[in-house]
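Worksheet: one structure, shown below.
2 protein chains.
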Amino acid sequence: MPEKVTIATVAQHAQVSRQTVSNVLNAPHIVREETRRRVQEAIAALGYRANQAARQMRTGRSKLIAVRIEPTRDGINGSVLDRFLHGLTETAEAAGYRTMLYTAADTAREIATYDDLLGSYDLDGFVLTGTDHGDPRTAWLAGRGVPFVTFGRPWDDLDAHCWVDVDGAAGTAEATRHLLAAGHRRIAFIGWPAGSGVGDDRCSGWRETLRAAGVDPTGLHREATDGIAEGERHARDLLAAAPAPTALVCASDSLALGALQAVREVEPAVPVIGFDDTPVAAAVGLTSISQPLGEAAARCVDLLTAVLDGTRGAPAPVLLQPALVRRQTA
Amino acid sequence: MPEKVTIATVAQHAQVSRQTVSNVLNAPHIVREETRRRVQEAIAALGYRANQAARQMRTGRSKLIAVRIEPTRDGINGSVLDRFLHGLTETAEAAGYRTMLYTAADTAREIATYDDLLGSYDLDGFVLTGTDHGDPRTAWLAGRGVPFVTFGRPWDDLDAHCWVDVDGAAGTAEATRHLLAAGHRRIAFIGWPAGSGVGDDRCSGWRETLRAAGVDPTGLHREATDGIAEGERHARDLLAAAPAPTALVCASDSLALGALQAVREVEPAVPVIGFDDTPVAAAVGLTSISQPLGEAAARCVDLLTAVLDGTRGAPAPVLLQPALVRRQTA
DNA sequence: CATCGGAATTGGATCGTTCAAGACGGCGAG
DNA sequence: CTCGCCGTCTTGAACGATCCAATTCCGATG
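Taken in order, these protein sequences are the chains called A and B.
Everything in the first sequence is counted per my numbering, starting at 12 for the first residue and increasing by one.
Everything in the second sequence is counted per my numbering, starting at 12 for the first residue and increasing by one.
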């Protein structure tokens, strides 16, 4: 059992004081070349690692960021969070931060958890996923002066705080243009009920692109709660209409999957495009819009560390472009 | 901006000493009823939370457990980890522990990460997912005396360490019995190359059940590397054989999905059963074997905290039963 | 009334690190 | 020659909790 290696052990081994070792770690430029080398050799030889708890107690910085892991809802969209988390953890590690998970049943308890995490572990910052209009969480965090970044725009005021997002409108626009280029005119959209930032954004890309092409979107829009069954129901409904749409764009892969089932039974030639490029889409050959999740996660960490290290001023938000992944269904 | 609340603040507010406050938190029974109540009121009034860094420095316990987040391989099985992580975090929180994530490109670097995490953050324990024969990680951890639990059996020596696992053989056995009950005899199995603990386990459940029913499994077994394409290829191969199998059991949903495509083109009536009950299976109506992931995660935390709190001796391993989820394909 | 014993409470030391302030030697300017 | 300064390094104190040993308090007992 090797003795515990502290900064004092290293200092003794390198014939310098504790503080000099600390300086080599935190402010190398103020230590003479030769001394620095000797200390670094001692660190390597002893396998010394700074004790974060002690460091944190003195500096108040924990080098820890937290992110919520949500219960997988319908499962289909679950792997989105999965990929995001992996990217986040990887980039954070490269920047010297570790990632802590937490769960929360609802928003009120999520805020209580912030309080707990900040009090108990002195977390340096938070990454929030999925913001909505008037999100109380961002208000709470901002009010406390806690650094955070959201994956998802603050839909009310784009300058309210740091954020990274994927341009959903650009995604559905690309999908719609793709279908227009294939000769379709009556392109329908199955989205979510109006009011959610993400849903309205995705809908607008479709609507504006149709309008720009001189097509009136009236009657081609359906609002569905997410899920396969809902997607199927609304697709059937659309296909049964008088002048039926000849193509479908959906706000999620779940909806698209349901729509696909309806299409295959009723009108197999009608193309369907989903959103999120989930494994399910890949498995069934569903054309879908892919979000650059690894990139998004990396930019979240970039922004957060920029705020934490305080070198630069408030960093600019990041809006990433999704990409259409063409498969069999369109 | 509220002042920082420490144990001293609470002590002052409750008119007692620091140590008494500490005792209320860590050994309530040695504090007089009335004093305890007063201290607890002060804690609530001030919103005091014990600083984990300070506690850790003195006690050496961080109340932190770590788990690796792997890059999603083919995406289909990704959500398995997702659900496991959520369960883990939730149960850990209830037990007063927090979950930290880490990534690692390979086993050697994973071990280096253990060293780093232990040195820097004094992690209390690890949860490993997916063990294999002669896993160097468990040997390293055991050698250092670091508490850990694996989700997955130590395939070489079942008493080597604490573990939780799902009985894969029981799962494939149930699937096979289900098909036998439906009148099938020539039931094939598409599994992984021999040598992996999980793969061999799942294969054995099918083989033994067939044998018990008086069916010779020879020629009904294919070894495939995981993936949709491989599943399709082997299924085609099987269906083209002289006495073709009338039903298929697969070691994963990926393989089953490929097999399903082959079946639908060649012999639509042949049932297919997958493994893991991923969202993809649910979406396409694939009958599959479901692992109780939330339960598994909870038991992992139970075992780990039992070891950490040291109240009981080495806790017994846990083997959970999976369940067949019947859908359209079988 | 003095003493005793055990429970309840207190003050000091400690964990490993960084901050603040100071020591030391050499060097250029006044 | 002295002073101040700079670069380099060292020492003491502090962060907030727990452990340990010492002390107070209290009723019971000799």
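C-beta atoms are modelled at their ideal positions from N, C-alpha and C, and glycine is treated no differently.
Beta carbon proximity, residue i to chain B, threshold 8 Å
| i | result |
| --- | --- |
| A/Q63 | yes |
| A/D168 | no |
| A/S263 | no |
| A/S215 | no |
| A/Q51 | no |
| A/H40 | no |
Whole-angstrom distance between residue j and residue i, CA atom to CA atom
| i | j | result |
| --- | --- | --- |
| B/V260 | A/Q339 | 27 Å |
| B/G321 | B/F159 | 13 Å |
| A/N62 | B/Y132 | 6 Å |
| A/E278 | A/P147 | 45 Å |
| A/M12 | B/Y125 | Confidence at A/M12 is low in this model, with a pLDDT of 49, below 50, so the placement of that residue is unreliable and no value is reported for it. |
| B/L96 | B/R197 | 38 Å |
| A/L330 | A/S301 | 14 Å |
| A/G269 | A/T289 | 14 Å |
| B/A246 | B/L271 | 8 Å |
| A/A55 | A/R66 | 19 Å |
| B/R310 | B/L319 | 14 Å |
| A/A53 | B/A105 | 42 Å |
| A/V177 | B/I18 | 45 Å |
| A/P326 | A/D313 | 9 Å |
| B/T229 | B/A258 | 15 Å |
| A/R337 | A/D127 | 45 Å |
| B/R72 | A/A262 | 47 Å |
| B/A240 | B/A280 | 21 Å |
| A/V16 | A/A123 | 37 Å |
Beta carbon of residue i nearer than 8 Å to that of residue j
| i | j | result |
| --- | --- | --- |
| A/V7 | A/L112 | As shown, chain A starts at 12 and ends at 341. That puts residue 7 of chain A outside it, with no answer to give. |
| B/G206 | B/F286 | no |
| A/G208 | A/W166 | yes |
| A/V27 | A/T46 | yes |
| A/T110 | A/I76 | yes |
| A/L266 | A/G242 | yes |
| B/V274 | A/A294 | no |
| B/T114 | B/I80 | yes |
| B/G194 | B/H232 | no |
| A/A38 | A/V32 | no |
| B/A199 | B/L249 | yes |
| B/L315 | B/G136 | yes |
| A/T83 | B/S299 | no |
| A/L304 | A/A186 | no |
| A/G163 | A/G130 | no |
Beta-carbon neighbours of residue i, restricted to chain A and to distances below 9 Å
| i | result |
| --- | --- |
| B/G238 | Going along chain A, no residue has its Cβ under 9 Å from B/G238, so there is no contact; the nearest lies around 11 Å. |
Interface partners of residue i on chain B, CB under 7 Å
| i | result |
| --- | --- |
| A/D133 | A64 |
CB contact check: residue i to chain A, cutoff 8 Å
| i | result |
| --- | --- |
| B/R47 | no |
| B/P82 | yes |
| B/Q339 | no |
| B/H97 | yes |
Interface residues of chain A facing residue i [CB-CB closer than 7 Å]
| i | result |
| --- | --- |
| B/G130 | R60 |
| B/D127 | R60 |
Residue i CB to nearest heavy atom of the ligand GDP below 7 Å
| i | result |
| --- | --- |
| B/H144 | Ligands displayed in this structure: none; no statement on the ligand GDP is therefore possible. |
Neighbouring residues, chain B, relative to residue i (Cβ below 8 Å)
| i | result |
| --- | --- |
| A/Q332 | In chain order: nothing, as chain B lies at least about 21 Å away. |
Looking at chain B, which residues of the region 288-308 of chain A have a Cβ within less than 8 Å of any of its Cβ atoms? Residues T289, P290, V291, A293, A294 and V295.
Please list, in chain order, the residues of the region 99-120 of chain A that have any C-beta partner in chain B closer than 9 Å. Only L99, T100, E101, A103, E104, R109, T110, M111, L112, Y113 and T114 from the region 99-120 of chain A bring a Cβ to less than 9 Å from some Cβ of chain B.
Which residues, in order along the region 24-38 of chain B, keep a beta-carbon less than 9 Å from a beta-carbon of chain A? Residues passing the 9 Å Cβ filter: none.
Where the region 246-273 of chain B meets chain A: residues whose CB sits under 7 Å from a CB there: If the cut-off is 7 Å between Cβ atoms, the region 246-273 of chain B has L268 near chain A.
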